[in-house]
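K.L.:
Letter by letter, the sequence shown follows residues 520 to 745 in my numbering.
From the three backbone atoms N, C-alpha and C, an ideal C-beta is built for every residue, glycine too.
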Amino acid sequence: MSENRTTGVRRSVARAGVGAAAAAVAFGLLSTGAANADTFVPLPDGQKASPAGVTITRTGEHALISPSLAANGAGRVVWVSGTAIAEVTETPEGEAGPWNGPTGRPGSNNSSTHGTSQLNTGYIVGCQVSIADDAVSAGVSGGLSTSGVSAGGSIGVGLGPGEVKFVQISSKDITKAGTYAIDYQDAEIEIQGCAGYAQARAYTVVEIIGDNYSKTTLYGAPFSIG
520 MSENRTTGVR
530 RSVARAGVGA
540 AAAAVAFGLL
550 STGAANADTF
560 VPLPDGQKAS
570 PAGVTITRTG
580 EHALISPSLA
590 ANGAGRVVWV
600 SGTAIAEVTE
610 TPEGEAGPWN
620 GPTGRPGSNN
630 SSTHGTSQLN
640 TGYIVGCQVS
650 IADDAVSAGV
660 SGGLSTSGVS
670 AGGSIGVGLG
680 PGEVKFVQIS
690 SKDITKAGTY
700 AIDYQDAEIE
710 IQGCAGYAQA
720 RAYTVVEIIG
730 DNYSKTTLYG
740 APFSIG
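1. The ligand FMN and C646: does the residue's C-beta get closer than 7 Å to at least one heavy atom of that ligand?
2. Would you check if the distance between the CB atom of Y738 and the CB atom of A719 is smaller than 8 Å?
3. For a test of the three-state rule: what should DSSP assign to L678, helix, strand or coil?
4. Going straight from the alpha carbon of D705 to that of W598, what length do you get?
5. With distances taken from CA atoms, which of K695, R595, P561 is nearest Q711?
6. Quick check on the DSSP output: the beta strand (DSSP E) that includes C646 runs from which residue to which?
7. In this structure, what does DSSP give as the bridge partners for L562?
8. Per the DSSP calculation, T735 is bridged to which residue(s)?
9. Could you check what DSSP says for Y716 in three-state terms: helix, strand or coil?
10. Where V724 and T578 are concerned, what is the direct C-alpha to C-alpha distance, given to the nearest angstrom?
11. Helix, strand or coil: how does DSSP classify G579 here?
12. Could you give the residue range of the beta strand (DSSP E) that holds K691?
13. Can you tell me the Cα-Cα spacing of V560 and T610, whole angstroms?
14. Among all the DSSP beta bridges, which residues are the ones paired with A706?
15. Taking C-beta to C-beta, are A582 and T574 nearer than 8 Å?
16. In terms of DSSP beta bridges, what is G634 paired with?
17. So is S690 buried or exposed if we call it buried at 16+ other beta carbons inside 10 Å?
18. Please confirm whether I584 and D557 have their CB atoms less than 8 Å apart.
19. Run through DSSP, which three-state label would T574 get?
20. Should S649 be labelled buried (16 or more other beta-carbon atoms within 10 Å of its own) or exposed?
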């Protein structure tokens, strides 16, 4: 088994009292008594296995939610952390381009990764809309239109009422059977334009191209961003 690991965006965030707050309640305030306190949200681990020889596991996920520095009532910031792991037991059958799959059969012509088997993880963010499984499955199965968080930076997401957007944290090409992992720590997502309630949830997709095409998706638990 080979192991491939990517370390995502790292950002220093003050967390005084996080451990005590998380131990006392599942959804607590880091700074009690403050009108605009940061909120620490621990999230459950998850796992999904597919008949195609792919197992996805997410561990250590949590979020830290803050009001936006813009202080306009329509913005907020969330720092997300976690580890997404893909165990691939079947070697991908070739690394052909996205239109070279066999005619009339599932193949790389169905790929949204543009010719390479891939592990892809990020967050689905919605404004005043449910992001339950049935609400987001069409967007994942249709291919992810995403923006990635760059190293040392953050990503801004403009959201209007009823909108859902996919925010990619990172991706890793899968070239052979093995274990592939993406670690991310305090990746910053800034949301603007959503005056109502906002939600987010993690997604992790493993897409294997070739004659035996497969796509496996693991969602995280939805959480409020205020």
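P.N.:
According to the structure shown:
1. Questions concerning the ligand FMN fall outside what the structure shown contains, since it holds no ligand whatsoever.
2. Along the sequence shown, one-based indexing puts residue 738 at 219. Along the sequence shown, one-based indexing puts residue 719 at 200. No. Outside cutoff.
3. Numbered from 1 along the sequence shown, position 159 holds the residue referred to as residue 678. Residue state, collapsed to three classes: coil.
4. On the sequence shown, residue 705 is found 186 positions in, with the first residue counted as 1. On the sequence shown, residue 598 is found 79 positions in, with the first residue counted as 1. In a straight line, the C-alpha of D705 is about 5 Å away from that of W598.
5. On the sequence shown, residue 711 is found 192 positions in, with the first residue counted as 1. If you compare the alpha carbons of K695, R595, P561 with that of Q711, the shortest gap goes to R595.
6. What you label residue 646 is simply residue 127 of the sequence shown in a count that begins at 1. For C646, the enclosing beta strand (DSSP E) has its first and last residue at 637-646.
7. Reading the sequence shown from its first residue, position 43 is the one you call residue 562. Paired residue(s): none; L562 is not in a bridge.
8. Residue mapping note: residue 735 aligns to position 216 of the sequence shown, counting from 1. According to DSSP, which records beta bridges pairwise, T735 is partnered with V725.
9. By 1-based counting over the sequence shown, the position of residue 716 is 197. In the structure shown, Y716 sits in coil (DSSP, three-state: anything other than H, G, I, E or B).
10. As a first step, residue 724 is located in the sequence shown; it is residue number 205 there, counting from the start. As a first step, residue 578 is located in the sequence shown; it is residue number 59 there, counting from the start. Straight-line spacing of the CA atoms in V724 and T578 works out to 15 Å.
11. Locating residue 579 in the sequence shown gives position 60, where the first residue counts as 1. The answer is strand: DSSP assigns G579 an E or B state.
12. Along the sequence shown, one-based indexing puts residue 691 at 172. K691 -> beta strand (DSSP E) spans 683-692.
13. Locating residue 560 in the sequence shown gives position 41, counting from the first residue. Locating residue 610 in the sequence shown gives position 91, counting from the first residue. Using only the alpha carbons, I get a separation of about 37 Å.
14. Position 187 of the sequence shown, counted from the first residue, corresponds to residue 706. For A706, which the question treats as bridged, DSSP gives the partners V599.
15. Reading the sequence shown from its first residue, position 63 is the one you call residue 582. Reading the sequence shown from its first residue, position 55 is the one you call residue 574. Cβ atoms of A582 and T574: not closer than 8 Å.
16. Position 115 of the sequence shown, counted from the first residue, corresponds to residue 634. None, per the DSSP bridge assignment.
17. Along the sequence shown, one-based indexing puts residue 690 at 171. Under a 10 Å Cβ-count criterion, S690 is classified as buried, with 16 or more other Cβ atoms of the shown protein chains found around its own Cβ.
18. Here residue 584 is taken as the residue at index 65 of the sequence shown, counted from 1. Here residue 557 is taken as the residue at index 38 of the sequence shown, counted from 1. Yes, they are a contact pair.
19. Position 55 of the sequence shown, counted from the first residue, corresponds to residue 574. Three-state result, T574: strand.
20. As a first step, residue 649 is located in the sequence shown; it is residue number 130 there, counting from the start. The residue in question, S649, is exposed, as its Cβ has fewer than 16 Cβ neighbours within 10 Å.
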